[in-house]
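The sequence shown: position 251 = 280 (my numbering), numbered continuously.
The structure appears right after this line, and notes come after that.
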Amino acid sequence: MKLTSLALLTIAMAFGANAADAPKELNLGILGGQNATQQIGDNQCVKDFFDKELQVDTKLRNSSDYSGVIQGLLGNKIDLVLSMSPASYASVYLQNPKAVDVVGIVVDDKDGSQGYHSVVIVKADSPYKKLEDLKGKSFGMADPDSTSGFLMPNQAFKKEFGGTVDDKYNNTFSSVTFSGGHEQDILGVLNGQFDGAVTWTSLIGDRETGYTSGAFGRLIRMDHPDLMKQIRIIWQSPLIPNGPILVSNNLPADFKAKVVATIKKLDKEDHGCFVKAVGGAQHIGPATVADYQNIIDMKRDLMKGTRG
30 MKLTSLALLT IAMAFGANAA DAPKELNLGI LGGQNATQQI GDNQCVKDFF
80 DKELQVDTKL RNSSDYSGVI QGLLGNKIDL VLSMSPASYA SVYLQNPKAV
130 DVVGIVVDDK DGSQGYHSVV IVKADSPYKK LEDLKGKSFG MADPDSTSGF
180 LMPNQAFKKE FGGTVDDKYN NTFSSVTFSG GHEQDILGVL NGQFDGAVTW
230 TSLIGDRETG YTSGAFGRLI RMDHPDLMKQ IRIIWQSPLI PNGPILVSNN
280 LPADFKAKVV ATIKKLDKED HGCFVKAVGG AQHIGPATVA DYQNIIDMKR
330 DLMKGTRG
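Dropping the structure here:
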């Protein structure tokens with residue numbers, strides 16, 4: 030009987046230790062490059078959901094650029110990301126393959142597609158109809174760690190025009206500027222800062238409402254209801270896999286499993302909140318590192334070129 034009591038006491042103590050060890054704070058990383066106030070507002074419901082489900086204080090870690098979230102995941106300052114840039118994930122993976130786990134990929138609610146496009150936009154009333162028309166003109170990129178805002182167009186422009194971003198692709202453009210994000214690129218075109226710029230969109234669904242997902246929809250919801258009448262798309266990339274949902278492997282294993290379960294529960298039980306947080310009408314589908322191998326390879330080649 031004494032042994033049984035001792036065993037029960039040991040179990041109770043172990044349980045108490047595990048409960049005490051469970052994090053009291055959860056850090057949700059939000060990629061920069063878009064309106065910070067709106068992004069935090071769009072993720073407030075995520076905080077409320079996680080706080081209730083996990084009995085934590087969820088901190089919304091909004092970064093001014095993509096690098097902040099990359100470094101946050103590598104430095105154990107960010108615990109999860111619901112909408113990660115594939116190129117930014119590749120940066121994390123190449124520096125530490127074991128830093129994070131891929132929980133899943135976002136999948137379009139409308140047609141089940143799992144990708145989006147980098148597009149070049151110009152003002153609708155401009156004379157530019159194709160990429161070549163922008164020779165000698167000013168051009169806007171989003172962020173060096175953005176897939177659609179740099180990695181994909183960079184690869185296409187190097188192939189099309191030669192050179193690199195540093196020499197403005199053989200001086201094809203009069204200037205190439207990193208604006209800091211997709212919304213800044215769109216606004217830069219609208220206000221005449223750039224003759225052309227890149228951004229991202231699903232190209233699925235109703236064009237006038239900004240398609241099912243992408244940077245257009247956020248701006249339309251904010252204060253540009255006629256945005257799609259003001260711009261024209263003159264180039265699009267091949268399909269890019271949607272961003273992964275990531276969870277840090279630095280979390281205690283039991284707690285990490287609960288975080289993953291809560292992410293999936295959010296998608297199922299408060300889908301409207303999930304849609305706001307990821308920036309489009311999407312749900313979670315299965316994914317692994319293999320789904321991003323092409324992006325990882327492209328990022329590795331780009332990093333080698335930068336070092337060389």
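Don't be surprised by glycine CBs; every beta carbon is placed ideally from N, CA and C.
Take the alpha-carbon of G308 and the one of D137: they are about 11 Å apart. With the rule of 3 Cβ pairs closer than 8 Å, the stretch 204 to 212 counts as touching the stretch 175 to 194. Below 8 Å, too few C-beta pairs join the stretch 254 to 270 and the stretch 197 to 205 to call them touching: fewer than three.
Under the three-state reduction of DSSP, H300 is assigned to helix. With contact defined as three or more Cβ pairs closer than 8 Å, the stretch 300 to 317 and the stretch 127 to 141 are in contact. Looking at G217, N200, F179, the one whose alpha-carbon comes closest to that of H146 is F179.
Assignment of A244 by DSSP, reduced to helix, strand and coil, places it in the helix class.
Your pair T230 and L83 does not check out as a contact, with CB atoms roughly 33 Å apart and the cut at 8 Å.
If you keep only unbroken beta strand (DSSP E) runs of at least 3 residues inside the stretch 79 to 163, you get 86 to 91, 129 to 137, 144 to 152.
Within the model, the alpha-carbon separation for L57 versus Q67 is close to 15 Å. About 7 Å separates the Cβ atoms of S242 and A310, confirming a contact at the 8 Å cut-off.
In terms of Cα proximity to K152, the closest of A171, G217, G165, D86 is G217.
Secondary structure at N56: strand, using DSSP grouped into helix, strand and coil. In this structure, the beta-carbon distance from F223 to F168 falls below 8 Å.
Taking all protein chains in view, the Cβ of S120 is crowded by 16 or more other Cβ atoms within 10 Å, so the residue is classified as buried.
DSSP places L275 within a strand segment (E or B) once states are collapsed to three. Each of G61, K328, V194, D299 was checked against the Cα of S93, and the nearest Cα belongs to G61. Counting other Cβ atoms within 10 Å of its Cβ, P270 reaches 16 or more and is therefore classed as buried. Relative to the Cα of I215, the nearest Cα in the group P182, M170, V318 belongs to M170.
With a threshold of 16 other beta carbon atoms within 10 Å, K159 falls short and is exposed. Nearest to I150 by C-alpha distance, out of F79, L268, L219, is L219. In the DSSP assignment, G191 falls outside any alpha helix (DSSP H) and carries neither an H nor an E. Membership of H253 in any beta strand (DSSP E) is not indicated, and neither H nor E is assigned to it by DSSP. Rounded to whole angstroms, the Cβ separation of G272 and S112 is 5 Å, and the two are in contact under 8 Å. In the displayed model, P270 falls within a strand according to three-state DSSP. DSSP, read as helix, strand or coil, puts S231 in coil.
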